[in-house]
Amino acid sequence: MSVSEPRSPIEVRTGVDSVWARLRVEAAAASAEEPILASFLNAAILRHDNFADALAYRLAAKLADAQLDTMLAHDVALEAIKADPEIVEQASADMLAIDERDPASVSLLQPFLYFKGFHSLQAYRVAHWLWKEGRHTLAFHLQSRISERFGLDIHPAARIGKGVMIDHATSVVIGETAVVGDDCSLLHEVTLGGTGASHEDRHPKVGRGVLIGAGAKVLGNITVGDNARIAAGSVVLKPVPAGCTVAGVPARIVGDCCPQPARSMDQNIPDNSLD
10 MSVSEPRSPI
20 EVRTGVDSVW
30 ARLRVEAAAA
40 SAEEPILASF
50 LNAAILRHDN
60 FADALAYRLA
70 AKLADAQLDT
80 MLAHDVALEA
90 IKADPEIVEQ
100 ASADMLAIDE
110 RDPASVSLLQ
120 PFLYFKGFHS
130 LQAYRVAHWL
140 WKEGRHTLAF
150 HLQSRISERF
160 GLDIHPAARI
170 GKGVMIDHAT
180 SVVIGETAVV
190 GDDCSLLHEV
200 TLGGTGASHE
210 DRHPKVGRGV
220 LIGAGAKVLG
230 NITVGDNARI
240 AAGSVVLKPV
250 PAGCTVAGVP
260 ARIVGDCCPQ
270 PARSMDQNIP
280 DNSLD
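Under the working numbering, read the sequence shown as residues 10 to 284, first letter to last.
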């Protein structure tokens, strides 16, 4: 299951340059509205020439620690972003996904500056690039720092597509061999984990456009089909067909799903479906 093809509909609709232009306009307006934050907004967004530079700067501010100071963290992030331009495209699509799906986000400023789901996902993308380059020690260091800083755990070897929203993000766990397709939405306390101590391929493979509700646990090397919906609090131990809704402990099919659950964020399940 590829996470890099085809392009997300969000990306087709709006490119990185358009997102960057919008982010700058919103930052300038916020700076005028709240002068006390003008210096911060200038440093984080307005003084940069492009989205890649601003993203590297913001990630460095979030990831720096005693072992990796802000300048070194910035160098690592910028190296990854320049080596793999897809990181910027993914970040742009992720921001638009949040803007589209999360009513708490009133502009692109919120995810870019403040939302730890966005920050942790972009930091993971840097760690994933390091992992692919064989720089596993530094990738593990970033994984540890992401866990400490944002309260979730994403293995740098996991594969995550674009246009993904990790809402709230607290206590999300995504294992080493997990795959998350494009345009998915995951809420807090979601686990994509294993079922034992196997070192082989042992984590879920989640298709495109899947909605996974808060507290859901998807365990084992199983497939969750495109545009499926997993209800909050469910424990999923068997494959989930595309386009259906599963719920319960253990989870079972309780009905069909709306056409694009991850984008509509519709988590309502008819009362009679659980009888």
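For every residue, glycine included, the Cβ atom is placed at its ideal position computed from N, Cα and C.
Since we're looking at a predicted model, the values are computed, not measured.
_Please give me, in chain order, every unbroken run of the alpha helix (DSSP H) with length at least 4 that falls completely inside the stretch 219-265._
none
*Reducing DSSP to helix, strand and coil, say where D162 ends up.*
strand
*Tell whether a beta-carbon distance below 9 angstroms holds between G216 and Q269.*
no
*asked:* Could you tell me the alpha carbon to alpha carbon distance between K141 and L72, rounded to whole angstroms?
replied: 20 angstroms
*asked:* If I measure Cβ to Cβ from V265 and keep anything under 8 angstroms in the same chain, skipping five residues before and after, which residues do I get?
replied: Position check: residue 265 holds Asp in this sequence, whereas Val was assumed. G252, C253, T254.
_Continuous alpha helix (DSSP H) stretch holding T79: start and end_ = 79-92
*DSSP three-state call for I45: helix, strand or coil?*
helix
*Mind checking who L139 pairs with in its DSSP beta bridge?*
BP columns for L139 are empty, so no partner.
*Where T186 and S40 are concerned, what is the direct C-alpha to C-alpha distance, given to the nearest angstrom?*
43 angstroms
*Three or more C-beta pairs below 8 angstroms linking the stretch 76-85 and the stretch 93-101*: no
_Does K214 come out as helix, strand or coil in the three-state DSSP assignment?_
strand
*State buried or exposed for E198, treating a residue as buried only when at least 16 other CB atoms are found within 10 Å of its CB.*
buried
*Among residues of its own chain, excluding the 5 on either side of I221, which ones have a beta-carbon nearer than 6 angstroms to its beta-carbon?*
L195, V199, I239
*What whole-angstrom Cβ distance do A241 and A225 have, given they're in contact under 8 angstroms?*
6 angstroms
*Could you pull out every residue in the same chain whose Cβ sits closer than 7 angstroms to the Cβ of H164, ignoring the five residues on either side in sequence?*
Q152, I183, G184, E185
*Looking at W29 and A89, is the spacing between their C-beta atoms short of 9 angstroms?*
no
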